[in-house]
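The structure appears right after this line, and notes come after that.
Residue numbers (our numbering), protein chains in the order written: chain W, 3 to 291; chain A, 3 to 291.
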């Protein structure tokens, strides 16, 4: 059983704390965050044992430090963590983009970079804050770790164990593969969902348009309810990958609108059928899991 | 209690038949469709009393004929219906685009056009066929009727009564307003969801990309599981409205990628925040209902 510090006790951090306390992996979970109201909520719901006023105090004696703050805040937190943790403390994060975090961590952590395990649980929802925490958020979900050549095996094994004991499936891949996959399956869709809402809101009759939206629109735009600051940072940190897929998305859209314009029903049905088939197969894979 | 013919016994037609039989609005529901296997299923689950081999036979003695086939088949069905129904039979449809249907119906139905009530229940899901039928599909959902200047009040009232008795909220609007609203809240999102899947599938590593998709992607692409022929027809019939919103969507996307490129975090957060707020408000309205 380990003492674990969680820096940033939002949906992910609080869900993680709750799960680690319940399954006995942690002897104590100490939180740090910007909002004392949110931290009090986290104590109340059993996500952390207690919280401290500084990162330094939260990290005292911690064997593992989990950075679960927004990507925009991660570099600053890494600086504070580097200044206070012991040489053998393992540091990990849960950021949705790994390239920027690893770049920062390499510079900031210096000699301690070998103990840093870049991580990303593929779980979450559009909600924010400790009050949205779910202890089973990570169960049966993938967690991607992107260790570098410098990362020690011992550190990777410890973080793999942490997630495996919560029922997650740990997958290791390169930073580049991670950022590419997530740009396509998560970051681009968020940009598109926000943009659909924005397109609708730019119409003079937006209120009456919204009134006639049904379940399809609701599901399609669910991710546009996500935290704006958090997602602005994710998209900014992974903007090259996002821009590349966005260009391919636009070129696909142009092909489809040209086919509509030309009344090319067969071509449209062909594209839709392949898309449907892949979407249905993916669903079957998920159900089996 | 009325004898009702339902031409096309898929998700919408079968759900309607099931609801009308259960609530006693119909004394008999007679089905017609292309697939006898699907029609047998419809009888088995109680969606229709029986089915006939021709539209003419299905319509014998019917006081109301509901066309619930795909948009691409509607004109042909209107021709057969016109040739066999009595002068006082009320005809309605459930098509997702109203402009094309009303244009066809005006020409094809001639003197019987006054008895045609263009309709569209804002309900459904990505599934197809009678086996997907749900008797409560329309309860607490809006049904849009788009009567023209030629439509008789008596016909509108009858169809309004049919839907109201199933627990739907009937809203009347112009054909143009309907097609514009649905292009934005339903037709464009379907095109985008199919296109996201297509963009992903055009990647060499599409299988591994799909593997790391999570709940956000699943919800975002749910509508890409919809019937390809059905949706090709919907988009083709409403292509002018769809193209207009698609252009505005692309221009919004260009602004967003320019802001990403310029690291304009404030601008991105501003757009996302307004989108989130509207999305969250819409959800509250839905919950209240």
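Even for Gly, the Cβ is constructed at its ideal location relative to N, Cα and C.
- Shown here, residue 100 of chain A sits in coil according to DSSP, grouped into three states, outside any helix or strand.
- Setting aside the 5 residues that flank it on each side, residue 129 of chain W is surrounded in the same chain by 13, each with a C-beta closer than 7 angstroms to its C-beta; the list follows chain order.
- If you check the CB distance, residue 99 of chain W and residue 181 of chain W come in under 7 angstroms.
- Going by C-alpha positions, residue 157 of chain W is about 7 angstroms away from residue 118 of chain W.
- Rounded to whole angstroms, the separation of the alpha carbons of residue 57 of chain W and residue 85 of chain W is 10 angstroms.
- Per DSSP, reduced to three states, the secondary structure at residue 122 of chain W is strand.
- Around the Cβ of residue 264 of chain W, a 10 Å sphere holds fewer than 16 other Cβ atoms; the residue is exposed.
- Separation of residue 153 of chain A and residue 139 of chain A (C-alpha to C-alpha, rounded to the nearest whole angstrom) is 27 angstroms.
- DSSP assignment within the region 29-69 of chain A yields the following whole beta strand (DSSP E) runs of 3 residues or more, N-terminal first: 66-69.
- Distance from the CA of residue 106 of chain W to the CA of residue 276 of chain A, rounded to the nearest whole angstrom, comes to 31 angstroms.
- With contact defined as three or more Cβ pairs closer than 8 angstroms, the region 41-50 of chain A and the region 11-29 of chain A are in contact.
- DSSP, read as helix, strand or coil, puts residue 5 of chain W in strand.
- Residue environment analysis places residue 39 of chain A among the exposed positions, since fewer than 16 neighbouring C-beta atoms fall within 10 angstroms of its C-beta.
- With a contact defined as Cβ atoms closer than 8 angstroms, residue 20 of chain W and residue 137 of chain W qualify at about 4 angstroms.
- Inclusion of residue 93 of chain W and residue 67 of chain W in the CB contact set at 7 angstroms is warranted, their separation being smaller than that value.
- Between residue 235 of chain W and the set W:102, W:173, W:171, the nearest pair of CA atoms involves W:102.
- Using a CB distance cut-off of 7 angstroms, residue 72 of chain A does not count as an interface residue toward chain W.
- Here the alpha carbon of residue 78 of chain A sits roughly 15 angstroms from the alpha carbon of residue 232 of chain A.
- Assigned with DSSP and collapsed to three states, residue 117 of chain W falls in helix.
- Taking the Cα of residue 36 of chain A as reference, the smallest distance to any Cα among A:188, A:60, A:91 is reached at A:60.
- Rounded to whole angstroms, the gap between the alpha carbons of residue 31 of chain W and residue 69 of chain W is 13 angstroms.
- Selection A:123, A:175, A:183, A:279 evaluated against residue 240 of chain A yields A:183 as nearest (Cα-Cα).
- When the Cα atoms are used, residue 80 of chain A and residue 174 of chain W turn out to be separated by approximately 59 angstroms.
- The beta-carbon of residue 278 of chain A is placed less than 7 angstroms from the nearest beta-carbon of chain W.
- Close to residue 252 of chain A, with beta-carbon spacing below 8 angstroms, are these residues of chain W in chain order: 252, 255.
- For residue 259 of chain A, the secondary structure class from DSSP, reduced to helix, strand or coil, is helix.
- DSSP places residue 244 of chain A within a helical segment (H, G or I) once states are collapsed to three.
- Taking residue 88 of chain W as reference, the option from W:114, W:25, W:272, W:125 with the minimal CA-CA separation is W:114.
- Counting the other Cβ atoms within 10 Å of the Cβ of residue 201 of chain W gives 16 or more, which makes it buried.
- For residue 94 of chain A, DSSP records a beta bridge to A:68, A:119.
- Sequence-distant Cβ neighbours of residue 151 of chain W in its own chain, meaning closer than 8 angstroms and more than five residues away, do not exist here.
- Straight-line measurement puts the Cα of residue 74 of chain W at about 22 angstroms from the Cα of residue 218 of chain A.
- When the beta-carbon positions are compared, residue 216 of chain W and residue 199 of chain W stay at least 7 angstroms from each other.
- In the three-state scheme derived from DSSP, where H, G and I count as helix and E and B as strand, residue 163 of chain W is classed as helix.
- Looking at W:208, W:283, W:266, the one whose alpha-carbon comes closest to that of residue 283 of chain A is W:208.
- Chain A has no Cβ within less than 7 angstroms of the Cβ of residue 106 of chain W.
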